[in-house]
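Each remark here refers to the structure printed beneath this line.
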Amino acid sequence: MAVNAPNEYTLYQNYPNPFNPSTTIEYSIPEKADVTISVFTAIGELVTTLVNGTVEAGYQKASFNAANLTSGTYIYQIKAVGSGRTFVDTKKMILIK
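Throughout the sequence shown, residue numbering follows my numbering, covering 1 to 97 in sequence.
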């Protein structure tokens, strides 16, 4: 485990929220893991994938720019697969233009 690594997987609420046009999504992972962070519309259509690859243990962040999207509620989801365990969490964010 990395020095100062978090003890658990966590997906934090994006900030700012509501946002226009960009926001930051922070997350923490306690071990090196294969991470995917995806953004979906409120009805489940994939908008974009922000992270898709191996990420080192620690506190991480991803930026989301929604300049080309319409106002509304969007969902973001993390899926992290580490040593024998899978973490999935989902949160809502609001784009107001």
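Every residue gets a Cβ at the ideal spot worked out from N, C-alpha and C, and that includes glycine.
Alpha carbon to alpha carbon, how far is residue j from residue i? Give it in angstroms, no decimals.
i          : j          : result
residue 14 : residue 93 : 7 Å
residue 87 : residue 97 : 32 Å
residue 18 : residue 84 : 36 Å
residue 48 : residue 75 : 11 Å
residue 64 : residue 16 : 11 Å
residue 36 : residue 77 : 8 Å
residue 8  : residue 57 : 10 Å
residue 4  : residue 59 : 9 Å
If we call anything under 8 Å between Cβ atoms a contact, is residue i one with residue j?
i          : j          : result
residue 6  : residue 38 : no
residue 20 : residue 95 : yes
For residue i, which of the options has the nearest alpha-carbon?
i          : options           : result
residue 24 : 68, 30, 62 and 56 : 62
residue 31 : 73, 10 and 67     : 10
residue 54 : 46, 80 and 43     : 80
residue 22 : 72, 66, 42 and 59 : 66
residue 43 : 73, 78 and 58     : 73
residue 71 : 90, 41 and 45     : 41
With which residues is residue i paired in a DSSP beta bridge?
i          : result
residue 53 : 35
residue 58 : 29
residue 81 : 34 and 86
residue 44 : According to DSSP, residue 44 bridges with nothing at all.
residue 63 : 24
residue 73 : 94
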